[in-house]
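Step one of this worksheet: look at the structure below.
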Amino acid sequence: MVSVAPPGAIDIDITGDSTGFVTGEPPNDATGDLDATVTFNNPGWSLWFTTWDISDDPGIGTATIDGTTGEWTYVVDPVEFDALDNGEIVSDTFEVTFTAFAFPPGGGINNQTETLLVTVTIEGVCFCAGTLIDTPSGAVAVQDLNVGDLVATVDHGPQHVRWIESSAVSVQDLNEKTALRPVRIAAGALGAGVPQRDLFVSQQHRILMAGPAVELLFGEAEVLVPAKSLINWPEIEIVTPVTPVEYFHILLDRHEVLLAEGAKAESLYLGEEALSAMGSEGLQELAAIFADTPGAMPTGFGAAARKMLKEFEAAMLQPV
């Protein structure tokens, strides 16, 4: 018979990957590796065996963990992902439990458990390092922008950068996970001189499109489409870099259309659903940043700058 260990008899310390990142369409996954240290505070105890389990499932995905090694995998549910039609960054969480079974000095079997919350961030629209972003004082490489800098927007003129963050993707991950590879939009692929140079963005980064076909199909003068949906166009493709890629997220007071290498592309969009699902650290950081903006937190950042098309909708657009 297994009994719970007396208070203070066993200490468990869990370390390792408590966060993960998923980008692009499912079934792309996030993975991590957890370790645990078991300490006995009284003499005469000996460890029998340990195990890992998922004790609380994620809300919009599936999580599994190797009961022996602590290696976990998260896969976002394709149906749930498709429902997030505003290109938001969303976080999902699941709980992991580590259980240690031990023999106490008086005989029998005791166990002790410890839990850890794992947070997975899903999606992210980002510019690759080196991308030139229009500002009132000229084009600036995205990696040289700082919080407080002004950037040019199509709808509201110069706007301050409120938050900027980057994430690096290793060559190994680029080779193993196709969804992490950037889309290259060659110079002139979207029209004469647009973009002015090759533009590299994450696959779900949305690009502004306009024209008679847009109005006919969607009843809008302009729409935002995922870069990935344009890869059948001439000179637009998913590429596999031979060096690491650094992606940059730019957040303004509202969702805006920026000029990146002369092409119109979105800034990071955070809506109500995204904010309610974000991990505590990210939410606290954004709450502090937007503390002086009434209504911005926690109710979201208002409407998207343009109608956002899903990939199957964007696929109806043909090269100009």
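The numbers in numbering that gives the first Met the number 0 rise by one with no breaks, and the one at position 129 of the sequence shown is 128. Where is the CB? At the ideal position from N, CA and C, for every residue including glycine. This one's a predicted model, so the numbers in the text were calculated from it and none came from an experiment.
task: Pull up the distance between the alpha-carbon of GLY187 and that of VAL256, whole angstroms please.
output: Within the sequence shown, numbered from 1, the residue matching residue 187 stands at position 188. Within the sequence shown, numbered from 1, the residue matching residue 256 stands at position 257. C-alpha separation (whole angstroms): 19 Å.
- request: Name, in chain order, the residues that DSSP records as bridge partners for ALA111.
  value: As a working note, residue 111 is residue 112 in the sequence shown. The sequence shown places Gln at residue 111, rather than the Ala named in the question. Beta-bridge pairing by DSSP links GLN111 to ALA99.
message: Would the region 173–186 count as touching the region 221–238 if we require 3 or more Cβ pairs under 8 Å?
response: Segments in contact, yes.
task: Would you give the residue range spanned by the beta strand (DSSP E) that ALA259 belongs to?
output: Residue numbering aside, residue 259 sits at position 260 when the sequence shown is read from its first letter. Element bounds for ALA259: 256–259.
field: Distance, VAL89 Cα to THR67 Cα
entry: As a working mapping, residue 67 is identified with position 68 in the sequence shown. As a working mapping, residue 89 is identified with position 90 in the sequence shown. So the two alpha carbons sit approximately 30 Å from each other.
- request: Would you give the residue range spanned by the alpha helix (DSSP H) that VAL170 belongs to?
  value: In the sequence shown, residue 170 corresponds to position 171, counting from 1. Boundaries of the alpha helix (DSSP H) around VAL170: 170–175.
message: On the DSSP letters alone, give me the boundaries of the alpha helix (DSSP H) that PRO211 sits inside.
response: The residue given as residue 211 occupies position 212 in the sequence shown. Counting along the chain, the unbroken alpha helix (DSSP H) around PRO211 starts and ends at 211–217.
- prompt: In whole angstroms, what is the alpha-carbon distance linking ILE132 and ALA140?
  reply: Mapped onto the sequence shown, residue 132 falls at position 133. Mapped onto the sequence shown, residue 140 falls at position 141. Cα to Cα, ILE132 sits roughly 6 Å from ALA140.
- prompt: Taking the C-alpha atoms as reference points, what is the distance between THR63 and TYR246?
  reply: For the purposes of this step, residue 63 is identified with residue 64 of the sequence shown, where counting begins at 1. For the purposes of this step, residue 246 is identified with residue 247 of the sequence shown, where counting begins at 1. Rounded to the nearest angstrom, the two C-alpha atoms are 28 Å apart.
message: On the CB-based measure, 16 or more other CB atoms within 10 Å of its CB, does LYS227 come out buried or exposed?
response: Taking the first residue of the sequence shown as position 1, residue 227 is located at position 228. So LYS227 counts as buried.
message: In this structure, how does DSSP classify GLN195 when only helix, strand and coil are distinguished?
response: For the purposes of this step, residue 195 is identified with residue 196 of the sequence shown, where counting begins at 1. Correct three-state label for GLN195: coil.
query: Is the CB-CB distance between ASN145 and THR239 below 8 Å?
result: As a working mapping, residue 145 is identified with position 146 in the sequence shown. As a working mapping, residue 239 is identified with position 240 in the sequence shown. Cβ atoms of ASN145 and THR239: not closer than 8 Å.
- prompt: Can ALA8 and TRP47 be called in contact, C-beta distance under 8 Å?
  reply: Translated into positions along the sequence shown, residue 8 becomes position 9. Translated into positions along the sequence shown, residue 47 becomes position 48. In this structure, ALA8 sits away from TRP47, with a CB-CB distance that is not shorter than 8 Å.
Presumed contact (8 Å Cβ cut-off) between ALA262 and ILE206, rounded CB distance: As a first step, residue 262 must be located in the sequence shown, where it is residue number 263. As a first step, residue 206 must be located in the sequence shown, where it is residue number 207. Under the criterion of beta carbons closer than 8 Å, ALA262 and ILE206 qualify as touching, at roughly 6 Å.
task: Rank ALA313, ALA314 and GLU265 by C-alpha distance to the C-alpha of ALA302 and give the top, closest one.
output: Numbered from its first residue, the sequence shown carries residue 302 at position 303. Closest option to ALA302, Cα to Cα, is GLU265.
- prompt: In the structure shown, what three-state DSSP assignment does ALA178 receive?
  reply: Here residue 178 is taken as the residue at index 179 of the sequence shown, counted from 1. Judged by DSSP in its simplified three-state form, ALA178 adopts helix.
- prompt: Based on Cα-Cα distance, which residue from ASN110, GLY58, GLY43 and THR14 lies nearest to THR50?
  reply: Taking the sequence shown and counting its residues from 1, the one referred to as residue 50 is at position 51. Selected option, being the one with the closest Cα: ASN110.
task: With GLU322 as the anchor, note down where its beta strand (DSSP E) starts and where it stops.
output: Given a span of 0 to 319 for the chain in the structure shown, any question on residue 322 remains unanswerable.
message: Within the continuous beta strand (DSSP E) that includes ALA313, where are the two ends?
response: Position 314 of the sequence shown, counted from the start, is the residue given in the question as residue 313. Careful: ALA313 lies outside any beta strand (DSSP E), inside the alpha helix (DSSP H) at 310–313.
Reduced DSSP category for PRO77 - H, G, I as helix; E, B as strand; rest coil: Taking the first residue of the sequence shown as 1, we reach residue 77 at position 78. Of the three classes helix, strand and coil, the one that applies to PRO77 here is helix, per DSSP.
- prompt: Out of THR130, HIS155, GLU79 and ILE163, which has the shortest C-alpha to C-alpha gap to GLY248?
  reply: On the sequence shown, residue 248 is found 249 positions in, with the first residue counted as 1. Note that residue 248 corresponds to His in the displayed sequence, not to Gly. When only C-alpha atoms are compared, the closest one is ILE163.
- request: May I have the straight-line CA-CA distance separating THR72 from VAL224, to the nearest angstrom?
  value: In the sequence shown, counting from the first residue as 1, residue 72 sits at position 73. In the sequence shown, counting from the first residue as 1, residue 224 sits at position 225. So the alpha carbons of these two residues sit roughly 29 Å apart.
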